[in-house]
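A.B. asks:
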Amino acid sequence: MNDTAADPSVIRQTLADLRAATTAVCDVTPMGPPEDFLVVSKAKLAGGWLLLESVGPPVRYDRTPAHVARGGLDHYQITLCLDGWMHFVVGRRDITMHPGDICLNDMAQPNFAELGGSDDKPSRVMTLVVPRKLLAPR
Numbered sequence: 022m023n024d025t026a027a028d029p030s031v032i033r034q035t036l037a038d039l040r041a042a043t044t045a046v047c048d049v050t051p052m053g054p055p056e057d058f059l060v061v062s063k064a065k066l067a068g069g070w071l072l073l074e075s076v077g078p079p080v081r082y083d084r085t086p087a088h089v090a091r092g093g094l095d096h097y098q099i100t101l102c103l104d105g106w107m108h109f110v111v112g113r114r115d116i117t118m119h120p121g122d123i124c125l126n127d128m129a130q131p132n133f134a135e136l137g138g139s140d141d142k143p144s145r146v147m148t149l150v151v152p153r154k155l156l157a158p159r
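In my numbering, the protein residues as written are 22 to 159.
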């Protein structure tokens, strides 16, 4: 990581910012000490599509039935695992992804994902969030 990773106020604020940004979408739970939590994300929005690259420590994202009911997201999420691993559960589907694996998720369904690194590398994923209407036949 960079020099800011050693500053506890930056780390706590980063977790608080991530939770605030995703409160309507999912719950965020670090799988390690919260004081060690630092995620770096890059985002690009184009024509209703959102492309995200995220690098960070072990974390769990939980999209509960309550999130689905109150959020109204009608999107698909396509995730490419670049480094580390990702354990993803939707209904009866349960997969573990490794670098090079791709997963398609219907965000209208409750799900959870756990991400973790390998060796000294943090997890790194590339995610494309696509509104369902952009994929509908015309």
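Don't be surprised by glycine CBs; every beta carbon is placed ideally from N, CA and C.
A quick note: this is a predicted structure, and the numbers were derived from the prediction, not measured.
Would a C-beta distance cut-off of 9 Å place Phe35 and Val60 closer than the cut-off?
C.D. replies: One-based indexing of the sequence shown puts residue 35 at position 14. One-based indexing of the sequence shown puts residue 60 at position 39. For clarity, residue 35 is Thr in the given sequence; the question names Phe instead. Yes. Within cutoff.
A.B. asks: Verify the contact flag: Thr50, CB atom, against every heavy atom of the ligand MG, threshold strictly below 8 Å.
C.D. replies: For the ligand MG, the structure offers nothing, since it holds no ligand at all.
A.B. asks: Which residues share a DSSP beta bridge with His96?
C.D. replies: As a first step, residue 96 must be located in the sequence shown, where it is residue number 75. Answer is Pro152.
A.B. asks: Kindly indicate which three-state DSSP category Arg91 falls into: helix, strand or coil?
C.D. replies: In the sequence shown, the residue the question calls residue 91 occupies position 70. Note: Arg91 maps to helix in three-state DSSP.
A.B. asks: Helix, strand or coil, according to DSSP, for Arg159 in the structure here?
C.D. replies: Along the sequence shown, read from residue 1 onward, the residue named residue 159 stands at position 138. Arg159 falls in the coil class under three-state DSSP.
A.B. asks: Excluding the five sequence neighbours on either side, which residues of its own chain have a C-beta within less than 6 Å of the C-beta of Ile123, listed in chain order?
C.D. replies: Numbered from its first residue, the sequence shown carries residue 123 at position 102. The answer, listed in chain order, is Leu101.
A.B. asks: Candidates Val151, His119 and Val89: which alpha carbon is nearest Ser144's?
C.D. replies: Position 123 of the sequence shown, counted from the start, is the residue given in the question as residue 144. It is His119.
A.B. asks: Less than 9 Å between the beta carbons of Leu136 and Val46, yes or no?
C.D. replies: Here residue 136 refers to the residue found at position 115 when the sequence shown is read from its first residue. Here residue 46 refers to the residue found at position 25 when the sequence shown is read from its first residue. Cβ atoms of Leu136 and Val46: not closer than 9 Å.
A.B. asks: Please report the residue range of the beta strand (DSSP E) in which Leu125 lies.
C.D. replies: Here residue 125 refers to the residue found at position 104 of the sequence shown. Residues Ile123 to Asp127.
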